[in-house]
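Residue numbers (the numbering used here), protein chains in the order written: chain S, 20 to 356; chain L, -19 to 308.
Printed below as a string of structure tokens:
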């Protein structure tokens, strides 16, 4: 039975339901119990933005507060995963990967291959990403391309409350290490989510709008920006097909290629910096495997190749908006040799 | 506890087992050293000879519930935790029959079924991981403990220091074993470690820190036994610092221009196997002929391991693409 809840609540619900279902699921992160030690504050914080709120008391001993010590607790989550637990660690901002990346890419990502298939590391690292909150250069980045580059990791970038719950459930049940990207500007987004638990498979993109003229491939928060642009363009007689990748590793190549085979035109919309990015990767994929179908050059709508600025006048220009997407779509739709 | 009382705490079987493991490590490493020089062993190899008392003195207190994480100098820890020496040798040769099917090599030998969470190519990689295995044991109530072996170089890594803090904050059954062999690659620990002793750092993390003569099996066993007993009882982590030296270079091929004379001195005067043998034969607990029989048996085992490794096939082409994911 679906009802309307937020992206934040959907994540919390997935954690709670999986913890109920499987005793090996544990949660750790900074400020999970924040306030506990302070007189007069009896409620655990549930992380800095309250995503795990309520779980600390509901699952005694299975929701761990941590020092600000990401190498230690992300590493501990990974170690616990090799010992049969299913830990979900919260890396508060993905920008902090720099202080714990070794444990993720040299340890978790490598164990299975390096040990000849004899290890499993079913860990989930939930992390917050993205610009739009005036949080500036060290708290706003979209770093999923860095993780997508690394064999052994799975990378999930949900756009809606429904996907957030289903993909996090799959992430927890999955036997490989998963990096789960939550856009900080989506936490209050509400949408229909079934009450019962469900898992959405990885590597299956979602065609969120059908259209014949131009394919827009996108992910995360940019799904909503792309849909807004597609809505505007429909009024002008340009019909976009919007493909939400949902996971960048594994990548659903087939859905992307099938759509471009049909439309002959591609715009990739990605909030990340453009170099060595998902946008560049999708563009290369289509150029290699659907070259014959292309009727116009591929366009990429991304952030500029700069750090994320602080001032609102700058940040608003940094994040791709519907107008930029619409302009790119019009350019490829009208392109003539 | 007096020396005699401590020695008496070990059964004859345990003494035999300890000697067999230390001898196996020494023989394994001496043999890899010789074979490496022929050019047949690929890659980077870091030998543990000289440090045997640490791995064995600690691991003889452990069982199947317990997990260890090791270092780039990991052969000794693997053998002490029960990893098959034939599979280890095959792995070092890059064979399909190796512990990791030839995909890991010397720096990544692992056997999770034995509680051996891997040698590790990253200095300071292991300590955070064993916080996790210790946490799993604590949550499940197995009374298992986890041990991170690391070197003097890793004692300066943030990962190690963070892991020690977390282990105390979470009151984990974790043991941190700093193997201070005097050099991080070529750099002396008397320069790179700002405190007088690595063990002194334990105070900063609210745990006991103990300095141990790393050449003395009995000293290691006593210190490790106490730390492990305390951890099993839920009384938290301990830092042990083994002081000793390694008999070979940082890696095979290292010309060791940064030191002179100390290895010869250690081999002649401090060697863990010689000291062990002298003590147990003096007390009459074991006989020289009994130890000689172990030496011969170990030598034959290592001979066989080398011969089998050389004869084993390398991984096939298809192995390149397998085992990246459980399911993708």
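Each residue gets a CB set at the ideal place from its N, CA and C atoms; glycine is no exception.
query	result
Same chain only: Cβ atoms within 7 Å of residue 3 of chain L, ignoring 5 sequence neighbours per side	253, 274, 275 and 278
Sufficient close CB pairs (3 or more, under 8 Å) joining the stretch 130 to 150 of chain S to the stretch 81 to 92 of chain L	yes
Within-8 Å CB hit, residue 238 of chain L to chain S	no
Residue 243 of chain S, enclosing alpha helix (DSSP H) - first and last residue	241 to 254
Assigned secondary structure, residue 202 of chain S (DSSP; H/G/I helix, E/B strand, else coil)	strand
Counterpart residues of residue 266 of chain S in DSSP-defined beta bridges	S/175
Delimiting residues of the beta strand (DSSP E) encompassing residue 274 of chain L	No beta strand (DSSP E) holds residue 274 of chain L; the alpha helix (DSSP H) holding it covers 268 to 291.
C-beta neighbour in chain L for residue 88 of chain S, strict 8 Å	yes
Proximity below 8 Å, CB of residue 89 of chain L to CB of residue 58 of chain L	yes
Contact list for the stretch 195 to 227 of chain L against chain S, Cβ threshold 8 Å	none
CB contact check: residue 145 of chain L to chain S, cutoff 8 Å	yes
Residue 157 of chain S classed as buried or exposed, judged by whether at least 16 other C-beta atoms fall within 10 angstroms	exposed
Where residue 160 of chain L falls: helix, strand or coil (DSSP)	strand
7 Å Cβ cut-off: residues of chain L touching residue 95 of chain S	108, 111, 112, 115 and 146
Rounded Cβ spacing between residue 382 of chain S and residue 118 of chain S (contact assumed at less than 8 Å)	Since the first residue of chain S shown is 20 and the last is 356, residue 382 of chain S is not available in this structure.
Proximity to residue 170 of chain L [Cα-Cα], best of L/66, L/224, L/146 and L/23	L/224
Where residue 195 of chain L sits in the DSSP three-state scheme	coil
Check whether residue 108 of chain S and residue 92 of chain S have beta carbons under 8 Å apart	yes
Residue 149 of chain L at chain S interface by Cβ criterion, 8 Å	yes
Short CB-CB distance (under 8 Å) between residue 98 of chain L and chain S	yes
Residue 356 of chain S CB to nearest heavy atom of the ligand FAD below 7 Å	This structure does not include the ligand FAD; it has no bound ligands of any sort.
Limits of the beta strand (DSSP E) - the one that residue 285 of chain S falls within	285 to 289
Closer than 8 Å to chain S by CB, residue 80 of chain L	yes
Neighbour flag for residue 303 of chain L against chain S, beta carbons, 8 Å	yes
Alpha-carbon to alpha-carbon, residue 31 of chain S and residue 250 of chain S	31 Å
Contact list for residue -10 of chain L against chain S, beta-carbon separation under 7 Å	Per Cβ cutoff of 7 Å: no residues; residue -10 of chain L is ~29 Å from chain S at best.
Contact list for residue 61 of chain L against chain S, beta-carbon separation under 7 Å	Those within 7 Å of residue 61 of chain L in chain S number zero; the least Cβ separation is about 14 Å.
Simplified DSSP state of residue 125 of chain L, which is helix, strand or coil	coil
Assigned exposure category for residue 325 of chain S - 16 Cβ within 10 Å defines buried	exposed
Backbone CA spacing between residue 9 of chain L and residue 250 of chain L [nearest angstrom]	18 Å
Alpha-carbon to alpha-carbon, residue 131 of chain L and residue 271 of chain S	44 Å
DSSP beta-bridge partners of residue 106 of chain S	S/45
Length of the line joining the Cα atoms of residue 64 of chain L and residue 140 of chain S	23 Å
Complete runs of the beta strand (DSSP E) confined to the stretch 91 to 123 of chain L [at least 3 residues]	none
8 Å Cβ cutoff, residue 306 of chain L in contact with chain S	yes
Per-residue contacts from residue 105 of chain L into chain S (C-beta, under 7 Å)	121, 125 and 126
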